[in-house]
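Data block below; observations after.
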Amino acid sequence: MGHRQSWLLALFVGFSLLVGSASLQGQAKKRILEVAILDFNNISKYEGKMVGRRAADAVAMSLTTVGGDYFTLLSRADLEKEVEAEGLSYPLDKVDMVRLGRALGLDGIITGAVIQVGVSRSNGATQAAVQIACQMLDISTEEPITGAVATGKSSPKYDYTGDIDILVDEALNKAAYQIAQQFVSFAVRGVPEFTILTTMGNEVLLNAGSRQGIKEGMEMVVLRGGEKVGRIKVKEVTLTDATATILEAPRGIQGGDKVRVVYELPPIGKAPLEQEIKSKAKTSLQKTLPA
0 MGHRQSWLLA
10 LFVGFSLLVG
20 SASLQGQAKK
30 RILEVAILDF
40 NNISKYEGKM
50 VGRRAADAVA
60 MSLTTVGGDY
70 FTLLSRADLE
80 KEVEAEGLSY
90 PLDKVDMVRL
100 GRALGLDGII
110 TGAVIQVGVS
120 RSNGATQAAV
130 QIACQMLDIS
140 TEEPITGAVA
150 TGKSSPKYDY
160 TGDIDILVDE
170 ALNKAAYQIA
180 QQFVSFAVRG
190 VPEFTILTTM
200 GNEVLLNAGS
210 RQGIKEGMEM
220 VVLRGGEKVG
230 RIKVKEVTLT
240 DATATILEAP
250 RGIQGGDKVR
260 VVYELPPIGK
270 APLEQEIKSK
280 AKTSLQKTLP
290 A
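Counted from 1, the sequence shown has number 146 at position 147 by numbering that gives the first Met the number 0; the numbering is strictly sequential.
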């Protein structure tokens, strides 16, 4: 083998090892989030059997199927055991969930709501539709970190005389699949963090602006060493930076601290089906989930 060939072979081997090492490092960096899912609130007034639990189970199944590489779900039995051990009772508020999450060593707790359940009968076909929403409370920051709203519809069934709950479950499963996809997208992207450049009295200057998706009115949690030290609200935004007002800072806020956007659920749209809608939620979604 000539000198040039030896050099090329060495270069190829070195490059392969470098790529392999980078691949392994990338795999090592991928973190699996340990979460629990609570039964969803049912504000739809649909009187089907335990529709809130069925919605939570549908999301859990889809998250396990679609997001098994990114999420590990605590079993309901282990969850209920710890709820009892902590002396808690349902419904759980945010303080309860943070306490429960820390006791179980969880990254997050997912809560949700069945917003609407509708049944349509048209041209001999029966179809169910549901709208569900959920969010994940980040235990470390004690703030919502991601969430989703989704609508699912069952396939039209002609001359259907069976149990409507079967169609509702099909719709729930389709909506849950969409939510799982959005949660996986969040896990793949990770949580964007920005930096406080400096403090100015009761205000701070951030190193991110509208180009990074920052908007006026956004609230952010302030972190130092991964621990929450305060909360801010964006006041003014330019293309490259933003000014925010300090809402709380029990441990003080300083330049170099990191910030994360607090997730806000989007407004709920109109009912998924126009005929024979069981419920049209007028309450904002934020009020249906634990504060």
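The beta carbon of each residue, even a glycine, is placed where N, CA and C say it ideally should be. Because the structure is a prediction, the values reported are computed rather than measured.
| field | At least three beta-carbon pairs within less than 8 angstroms, the segment 207–224 to the segment 90–101 | value | no
| request: Let me know the beta strand (DSSP E) ranges lying completely inside the segment 203–239, each 3 residues or longer, listed in chain order. | output: 218–223 and 226–236
| request: Count the other C-beta atoms from every protein chain shown that fall within 10 angstroms of the C-beta of residue 40, then say buried if there are 16 or more, exposed otherwise. | output: buried
| query | When you compare each of 236, 179 and 244 to residue 199 by their alpha carbons, which one comes out closest? | reply | 244
| request: Give the straight-line distance between the Cα atoms of residue 180 and residue 70, rounded to the nearest whole angstrom. | output: 12 angstroms
| message | Assuming residue 95 is part of the alpha helix (DSSP H), what are its boundary residues? | response | 93–103
| request: Taking residue 177 as part of the alpha helix (DSSP H), name the residues at either end of that continuous run. | output: 163–188
| In whole angstroms, what separates the C-alpha of residue 293 from that of residue 253? | Examination of residue 293 is not possible in this model, given that the chain is present from 0 through 290 alone.
| Contact between the segment 129–137 and the segment 105–116 (3+ Cβ pairs under 8 angstroms) | yes
| Three-state secondary structure (DSSP) of residue 64 | helix
| Whole-angstrom distance between residue 79 and residue 163, CA atom to CA atom | 30 angstroms
| Where residue 123 sits in the DSSP three-state scheme | coil
| Where does residue 257 fall in DSSP's three states? | strand
| C-alpha distance - residue 53 paired with residue 196, whole-angstrom precision | 46 angstroms
| request: Taking all protein chains shown into account, decide if residue 169 is buried (16 or more other Cβ within 10 angstroms of its Cβ) or exposed. | output: buried
| query | Going straight from the alpha carbon of residue 22 to that of residue 155, what length do you get? | reply | Because residue 22 carries a pLDDT of 38, less than 50, the predicted location of this residue cannot be relied on, and the following value inherits that uncertainty. Their Cα atoms are separated by approximately 46 angstroms.
| Selection from 260, 127 and 46 that minimises the alpha carbon distance to residue 165 | 127
| task | Taking the CB atoms as reference points, tell me whether residue 87 and residue 36 lie closer together than 8 angstroms. | result | no
| request: For residue 38, collect the residues of the same chain with a Cβ closer than 6 angstroms to its Cβ; drop the 5 residues on either side in sequence, then sort them by chain order. | output: 51, 52 and 55
| residue 248 - DSSP class collapsed to helix/strand/coil | coil
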